[in-house]
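Under the numbering used here, the first residue of the sequence shown is numbered 8, with each subsequent residue one higher.
For reference, the structure discussed in these notes is given below.
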Amino acid sequence: MSAITFLGSLFVSGKTKTSHIILNIFPHPFFSFLFISFHQKKKPTKRERGRPPPPHPPKKMSSPSKRREMDLMKLMMSDYKVEMINDGMQEFYVAFNGPKDSLYQAGVWKIRVELPDAYPYKSPSIGFINKIYHPNVDETSGSVCLDVINQTWSPMFDLVNVFEVFLPQLLLYPNPSDPLNGEAAALMMRDRTAYEQKVKEYCEKYARPEDVGVGQEENSSDEELSEDDCASSEEAVAGQPDP
């Protein structure tokens, strides 16, 4: 076996004791340099030491259109009556019942909802179609003065939050100090009894179920059921044999 072949077999083993044997057998400076070059670990450069670890690939965010579809479907699955205005999914009506234990509990309102292109990063536009007597709702346009809709909206909110939390809170806790209906705000602060009476009058006059199309559909469905029952009973009588 030649000296180079012997050296190769020893270097491949990678054992420190064997490496010392090499130096003792071959004390020539060339072999010492070869030994040091083989066992010395490569030091990272300054650029490699300061380089952060490679970042994880960014997560794909859902597009606004998909978020609109998902939130609208979630609203429909929460038993809200939704009526689309056009073929798109950005404008629609929602039937909203007044919250329980409030002055508005007997009323039903048709709420127009418009979702902007930047939804959910931009808040939806909310407006009452049929009249409501409330300090923070404009009686003419139906626009709403609500901080969470106009100022503090977050992409974490969705349409269910609007109809199950934000609008009920608005009707339960009106704020006469920041009104859109100055007359209602002044009456609320001056004569609470007269204010409550006028709220109830508006509910009876403008916020009946038939005013938003809810009662009509329910009555028509009831009529269809009654007609089916009558038809089935007539068929049963006709099918009986004569005595």
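The beta carbon of each residue, even a glycine, is placed where N, CA and C say it ideally should be.
Note that the coordinates shown come from a computational prediction; the quantities given were computed from them, not determined experimentally.
Sequence-distant residues of the same chain with beta carbon closer than 7 Å to residue i, five excluded per side
| i | result |
| --- | --- |
| L174 | F103 |
| Y209 | K138, I139 and Y140 |
| Y128 | P162 |
DSSP beta-bridge partners of residue i
| i | result |
| --- | --- |
| I118 | V101 and F135 |
| V151 | V144 |
| E90 | Y100 |
Candidates the options: closest to residue i by CA position
| i | options | result |
| --- | --- | --- |
| I92 | E121, E217, D86 and L82 | E121 |
| D145 | N188, R197 and P71 | N188 |
| L82 | D154, V167 and D108 | V167 |
| A192 | M163, N143 and L153 | N143 |
| Y126 | D86, V155, S72 and E203 | S72 |
| Y213 | G95, G105, V172 and D78 | G105 |
| V172 | P186, L153 and S184 | L153 |
| T200 | F164, L110, Q176 and T159 | L110 |
| S190 | L177, T147 and E211 | Going by the sequence as given, residue 190 is Glu instead of Ser. Checking every option, the nearest Cα to that of E190 belongs to T147. |
| R215 | M84, G114 and L179 | G114 |
Exposure of residue i, with buried meaning 16 or more beta-carbon neighbours within 10 Å
| i | result |
| --- | --- |
| Q97 | buried |
| V169 | buried |
| S75 | Residue identity differs from the one stated: residue 75 is Arg in this sequence, not Ser. It counts as buried. |
| N157 | exposed |
| E224 | Confidence in E224 is poor, its pLDDT being 47 and thus under 50, which makes the residue's placement unreliable; the coordinate value appears in the next sentence. Exposed. |
| M195 | buried |
| P181 | buried |
| S130 | buried |
| V206 | buried |
| D185 | exposed |
| G95 | exposed |
Close Cβ partners of residue i (< 8 Å) along its chain, the five nearest in sequence each way excluded
| i | result |
| --- | --- |
| I2 | Residue 2 lies beyond the stretch modelled for the chain, which goes from 8 to 250, so this question has no answer here. |
| D198 | none |
Residue-chain proximity (residue i, chain D), Cβ-Cβ < 8 Å
| i | result |
| --- | --- |
| K73 | The structure shown contains no chain D; it holds only a single protein chain. |
Nonlocal neighbours in the same chain, by C-beta distance under 6 Å from residue i, ignoring five residues either side
| i | result |
| --- | --- |
| K88 | A102 |
| G134 | R119, G149 and S150 |
| S132 | E121 |
| S70 | none |
| Q112 | G105 |
| D165 | D78 |
| V155 | F173 |
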